[in-house]
Amino acid sequence: MHACLVRSAAALAVAAGTLSWAPAASAEPSEPTPSASAAPAAKPASDAGSVEITTKDTAGDALPGAAFLLLDSAGQEAARGQSDAQGSLTFPDLAPGVYRLKQMASGSPLHEIVSDQDVIVTPSATTRLTITDPFKAAKVLLQAKDDKTGSLLPGATVNIGTGTSTLLTLTTGTKGAASGELPVSSRRTQFWVKEIKAPAGYDLYKPTKTFTAGPGAPVTVAVTNAKTATDPKPDPSSKPTHRPTDSPSSPGKPNSGTAGATPSASGSDTPEPDSSPVAATSVKDSTQKTPTGSLAHTGADATPWLVGGAAVLIAAGGGALLLARRSRTDSLTDDSPES
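With mature numbering (1 follows the signal peptide of the UniProt record, and there is no 0) applied, the sequence shown corresponds to residues -27 to -1, 1 to 312, in that order.
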């Protein structure tokens, strides 16, 4: 039928006396135009994952304003952002894979940032991370001082810690000072300091001192030492100029007043009686001194001396009387008349 229509059209053109070109329809079937619905479908969004970050410090407080950068496996930036007032931050719509998380700032002048870490994003899942930023360390200056003059002392060693843990050991140098850093766990942390070695020539400072330090803040701690007491050495030039006197209370020892007397030949402690009453009295006084702390003598021991003295006096008186009578007799004889 299609061929009949073509012949009829050609006959009509010839009959009209004109020659014109009329395209002939092709008998080949035409290709259907592809529809938009036949285009390949995009990867469904449900395969994407996300990263949720919570920031806080070692005391448990949230850290707003902490900045983070997320890099893909090729090192290209995949996302960046800052934590909100609650310390939270979310990176959504991330293709599954391994990422590198970098903290750029802690959001606080009292806190340090953490090291970089890898983050794995899984399809249709949220990876949750808790970032804990430590406090900045406190800066400690230790000094050892003389408790009298306040001068700095080298060679003092102390331990510094908190609770039952020793965190730092410092030894003062030639200028009497030493410095170090103390890790802190809160905005105000209490520490103790105890000296374990004293400077040369000084006693150990035994009390345990306490002090408080804050993050990143400098603090000075001082221990005081007293000089070690030493006994004075005797002066070799100091020599006694006289011999000590024997105590009169020591029995059997000669008295200092009779040190030059010649001992009797018999070796007896009893001295020979003197013919003079004065000598007898002197001997009595020197031998009858009452020692300190002992009972006084009754005087019975002086009887022989008194008897001897009396005998001497009687003999002397008798001799004098005899001489007087003889002298009188001679005088009477000379005065009588001659016959």
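The C-beta atom is built at its ideal place from N, Cα and C for all residues, glycine as well.
- Cβ-Cβ separation between residue 106 and residue 86: approximately 6 angstroms, consistent with a contact (criterion under 8 angstroms).
- In this structure, the straight-line span from the alpha carbon of residue 285 to that of residue 291 is close to 10 angstroms.
- Runs of the beta strand (DSSP E) lying entirely within the stretch 36 to 68 and spanning at least 3 residues, in chain order: 40 to 44, 50 to 55 and 61 to 67.
- When DSSP states are grouped into helix, strand and coil, residue 20 belongs to the helix group.
- DSSP lists 114 as the bridge partner or partners of residue 193.
- For residue 70, the pairing in a beta bridge is given by DSSP as 94.
- From the listed residues 57, 84 and 46, the smallest Cα separation to residue 74 is found for 46.
- DSSP places residue 164 inside the beta strand (DSSP E), whose first and last residues are 162 to 170.
- Between residue 37 and residue 23, the C-beta spacing is not below 9 angstroms.
- Following the DSSP letters along the chain, one finds residue 83 in no beta strand (DSSP E), marked with neither H nor E.
- When 190, 198 and 191 are compared, the shortest CA-CA separation from residue 179 is found for 198.
- Taking all protein chains shown into account, residue 71 has fewer than 16 neighbouring C-beta atoms within 10 Å of its C-beta and is therefore exposed.
- Rounded to the nearest whole angstrom, the CA to CA distance from residue 195 to residue 122 is 14 angstroms.
- DSSP, read as helix, strand or coil, puts residue 131 in strand.
- Rounded to whole angstroms, the Cβ separation of residue 182 and residue 152 is 17 angstroms, and the two are not in contact under 8 angstroms.
- CA-CA distance, residue 43 to residue 53, rounds to 6 angstroms.
- Comparing alpha carbon positions, the residue from 62, 189 and 297 closest to residue 109 is 189.
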